[in-house]
Amino acid sequence: MPELPEVETICQALKPLLEGQSFLKIQANRPDLRYPLPVNMETVLSHKLISLISRRAKYLLLDFSHGLTLIWHLGMSGRVIIENLNALSLNSGPHDHVVFITSNNYKITFRDPRRFGFLLLYPTNQLKSLHPFKTLGPEPLGDIPLGVSVLHAALKRRTISIKNALLDQRIIAGLGNIYASEALWQARLSPRRGANTLRLKETKILLIEIQNVLRRAISAGGSTLRDYAQPNGDTGYFQYSFNVYKREHLLCNHCHFTPITRIVQSGRATYYCDKCQQ
DNA sequence: CAGTAGACTTGCCGCC
DNA sequence: GCCAGGCAAGTCTACT
Numbered sequence: 164m165p166e167l168p169e170v171e172t173i174c175q176a177l178k179p180l181l182e183g184q185s186f187l188k189i190q191a192n193r194p195d196l197r198y199p200l201p202v203n204m205e206t207v208l209s210h211k212l213i214s215l216i217s218r219r220a221k222y223l224l225l226d227f228s229h230g231l232t233l234i235w236h237l238g239m240s241g242r243v244i245i246e247n248l249n250a251l252s253l254n255s256g257p258h259d260h261v262v263f264i265t266s267n268n269y270k271i272t273f274r275d276p277r278r279f280g281f282l283l284l285y286p287t288n289q290l291k292s293l294h295p296f297k298t299l300g301p302e303p304l305g306d307i308p309l310g311v312s313v314l315h316a317a318l319k320r321r322t323i324s325i326k327n328a329l330l331d332q333r334i335i336a337g338l339g340n341i342y343a344s345e346a347l348w349q350a351r352l353s354p355r356r357g358a359n360t361l362r363l364k365e366t367k368i369l370l371i372e373i374q375n376v377l378r379r380a381i382s383a384g385g386s387t388l389r390d391y392a393q394p395n396g397d398t399g400y401f402q403y404s405f406n407v408y409k410r411e412h413l414l415c416n417h418c419h420f421t422p423i424t425r426i427v428q429s430g431r432a433t434y435y436c437d438k439c440q441q
């Protein structure tokens, strides 16, 4: 599910709620997701001050004031649900694997049917040396935004298709299958082009369109295909703004003439307009 | 090292 | 109506 815009939406919802608070109770309903849950998670984290909530690539990071960071990845189908404990009816389901009760009376649920998501605990000051953080590429929307020359140099070294390059988190952090296709359509670049064939001018346009599409998706609260929802239960709305993703056989929104093509690259669907995107 | 195929897992869509 | 098989927001591992 969650690519950068979805994780950012969740981060922005959790931040004002949890910073300065703590967890009173952490209930794990199974021993593992993708990886075993952190050992003694409740003992180690409960009643500890949450000092900072942030996002890096598709990872949520919860920093605790005693020096540990809870690394939270949502996998493909992970979802975060925020409910007020005073609400009349609280949701629960068979895939609610971890439930956090907060000091300000909220219930935070980690729901993940496919269990590709995970929670890991690691010392905050050593995060940068932990895989995958040590090889993660730059943030497209960071305080020090990814520069064109850096992206162009990284692409120059790769012979894989530009679509696959955009999915490589070591080149650029946070893009996934939806937004890679959408950004390439906006930039009028064929997903089949070799990454190393992009000219500097094309890389510049691509980077601008990546940033635009991510910003617009964040404003829309992300994209809901099936499992994803904003933490308040609303769907995301960016799926209504897709120009190519899941639009095979529908006419291109740019030329209004060519049906959108679906191809498979490295086992993943790619959608594009064969006429507009060169 | 670079690139690709397969693995993990559950559930939906819809073929026959 | 039933149900085979493909497909899905991600990323790690094993192999060439």
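The opening residue of the first sequence carries number 164 in the working numbering; numbering runs sequentially from there. All C-beta atoms in this analysis are idealised placements derived from N, C-alpha and C, irrespective of residue type, glycine included.
Under the three-state reduction of DSSP, which class applies to P201: helix, strand or coil?
Coil, per DSSP.
What is the DSSP secondary structure of F401, reduced to helix, strand or coil?
In the structure shown, F401 sits in a helix (DSSP, three-state: H, G or I).
Whole angstroms are fine: how far does the CA of F401 sit from the CA of V376?
Taking the straight line from one Cα to the other gives about 10 Å.
Pairing CB atoms from the segment 254-272 with CB atoms from the segment 421-430, are three or more of them under 8 Å?
No, they do not touch.
Got a sec, what are the start and stop residues for the beta strand (DSSP E) H260 sits in?
It spans D259 to T265 - the beta strand (DSSP E) in which H260 sits, taken as one unbroken run.
DSSP three-state label for R321, please.
If DSSP states are grouped into helix, strand and coil, R321 belongs with coil.
Note down the Cα distance separating Q289 from R218, rounded to an integer number of angstroms.
Straight-line Cα distance between these residues: approximately 16 Å.
Specify the secondary structure class of A336 as computed by DSSP and reduced to three states.
Coil.
Do R242 and D275 count as a contact pair if the criterion is CB distance below 8 Å?
Contact flag set, yes.
Alpha carbon to alpha carbon, how far is R123 from I335?
Any question about residue 123 goes unanswered here, given that the chain covers just 164 to 441.
Per DSSP, F296 is paired with what?
Answer is none; F296 lacks a bridge partner.
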